[in-house]
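Chains as they are written, first to last, in my numbering: chain B, 1 to 138; chain X, 1 to 138. From the three backbone atoms N, C-alpha and C, an ideal C-beta is built for every residue, glycine too. Keep in mind that this is a model prediction, so the values were computed, not measured. Heads up: the structure comes next, in structure tokens.
Protein chains: 2
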Amino acid sequence: MDRPELGFLLSRLMREVMAREKPILEAAGLEMWDYAVLTALADSAAPTQAQLAATTGRDKTRLIGNLDRLEAEGMVARRPDPADRRNRIVSLTPAGSRVLRRCREAIEAMETELLADLDPADRAGFERALTSLAETDR
Amino acid sequence: MDRPELGFLLSRLMREVMAREKPILEAAGLEMWDYAVLTALADSAAPTQAQLAATTGRDKTRLIGNLDRLEAEGMVARRPDPADRRNRIVSLTPAGSRVLRRCREAIEAMETELLADLDPADRAGFERALTSLAETDR
DNA sequence: TATTGTTATACTCTATAACTATA
DNA sequence: TATAGTTATAGAGTATAACAATA
């Protein structure tokens with residue numbers, strides 16, 4: 001194998017992807033982590049804050065600031081869990097869903113453009129390999 | 001296309017790669033950025049600190065702490081540029097080269113294992129696509 | 001006593017602006 | 001004056017521990 005190291009290549013690509021996402025999220029008034037939280041909320045139904053922290057990989061104490069802001073802007077709602085009032089159930093509001101959908105579309109378009117110049121077979125292999133490598137449980 | 005977003009996949013994989021590199025670098029007494037600096041020094045000959053900062057993507061003011069430590073441990077040397085004494089030329093010492101080589105071998109082995117389960121065609125496409133996408137000038 | 005969410009504190013990392021020595 | 005390297009300062013991000021409410 002004769003290529004730069006994975007860490008080097010990944011960090012460069014990560015920087016590029018983040019640079020392209022930044023204006024999209026800024027236009028929606030979101031920070032990077034806000035977006036990760038909204039995405040997780042769309043995928044899993046009615047998680048507690050602890051579950052949300054686990055799925056996003058964010059520390060539970062740092063998650064709080066994001067939720068405070070998102071709640072203040074009406075994108076998420078927190079309500080106590082009737083079954084265990086220590087928990088707070090987080091959910092997307094309709095406004096949050098709209099913002100999330102707009103960002104997703106813009107980001108998908110950005111990704112399509114980013115990958116456009118690749119050889120189609122390489123691109124397919126890249127996506128399959130990346131998906132496999134990013135599996136949580138290893 | 002039906003997969004999670006690039007940013008999500010890349011950050012997960014990045015976290016996994018860093019977790020696997022950490023013990024290797026710790027055993028060599030290196031921080032992540034130290035290793036990036038040593039790698040850059042092996043590739044490009046006798047850069048000034050400003051050039052080194054540019055190639056590694058690290059801010060010149062933050063680079064200084066790494067160089068101070070690496071120099072104190074005898075892995076790099078700084079000498080004034082005779083042609084322009086404002087510059088300081090950074091170079092690998094033999095000890096630095098040895099540490100770097102050991103880390104490189106261990107990291108290459110780690111990467112081989114990380115990618116071992118992939119379909120060979122996907123793996124080749126992944127490496128080609130990633131190399132292409134990580135090009136600096138875009 | 002243990003757990004969820006929260007707050008407080010200290011620590012690290014980063015960004016920015018000065019400062020020095022050379023040019 | 002402009003630049004390379006350095007230092008200093010303030011801000012953001014992070015980790016850790018304590019705290020209140022509930023189980």
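Problem set entry | residue 27 of chain B burial status per 10 Å Cβ neighbour count (16 or more: buried) | If you number the first sequence from 1, residue 27 of chain B lands on position 27. Answer is exposed; the Cβ neighbour count stays below 16.
Problem set entry | Residue nearest to residue 6 of chain X in terms of C-alpha spacing, selected from B:119, B:109 and B:38 | Along the second sequence, one-based indexing puts residue 6 of chain X at 6. Closest by alpha carbon: B:109.
Exercise. From residue 133 of chain B to residue 115 of chain X, what does the alpha carbon distance come to, in whole angstroms?
Worked result: Here residue 133 of chain B refers to the residue found at position 133 when the first sequence is read from its first residue. Here residue 115 of chain X refers to the residue found at position 115 when the second sequence is read from its first residue. Cα to Cα, residue 133 of chain B sits roughly 8 Å from residue 115 of chain X.
Problem set entry | Backbone secondary structure at residue 106 of chain B - three-state DSSP | Counting from one through the first sequence, the residue named residue 106 of chain B turns up at place 106. Helix.
Exercise. Quick one, which residues of the region 1 to 20 of chain B are near chain X if we go by CB-CB under 8 Å, in chain order?
Worked result: Hits within the stretch, in order: 1, 3, 4, 5, 6, 7, 8, 9, 10, 11, 12, 13, 14, 15, 16, 17 and 18.
Exercise. Between the C-alpha atoms of residue 100 of chain B and residue 25 of chain B, what's the straight-line distance to the nearest angstrom?
Worked result: The sequence position of residue 100 of chain B within the first sequence is 100, counting from 1. The sequence position of residue 25 of chain B within the first sequence is 25, counting from 1. About 10 Å.
For this session: For residue 93 of chain B, decide whether its Cβ has a neighbour in chain X, counting only Cβ atoms nearer than 8 Å.
Result: Start at 1 with the first residue of the first sequence, and residue 93 of chain B comes out as number 93. So no, residue 93 of chain B is outside the interface.
Exercise. Are the region 42 to 51 of chain B and the region 79 to 96 of chain B in contact at 8 Å, needing three or more beta carbon pairs?
Worked result: Counting Cβ pairs under 8 Å, three or more are found: they touch.
For this session: Spatial neighbours of residue 20 of chain B within its chain, please: CB distance less than 8 Å, with the 5 preceding and 5 following residues excluded, ordered by chain position.
Result: For the purposes of this step, residue 20 of chain B is taken as the residue at position 20 of the first sequence. Same-chain partners within the cutoff: 110 and 114.
Problem set entry | Backbone CA spacing between residue 76 of chain B and residue 104 of chain X [nearest angstrom] | Here residue 76 of chain B is taken as the residue at index 76 of the first sequence, counted from 1. Here residue 104 of chain X is taken as the residue at index 104 of the second sequence, counted from 1. If I take the Cα positions, the gap works out to 46 Å.
Exercise. By the criterion of Cβ-Cβ separation under 7 Å, what are the contact partners of residue 130 of chain B in chain X?
Worked result: Position 130 of the first sequence, counting from 1, holds the residue named residue 130 of chain B. In chain order: 9, 13 and 126.
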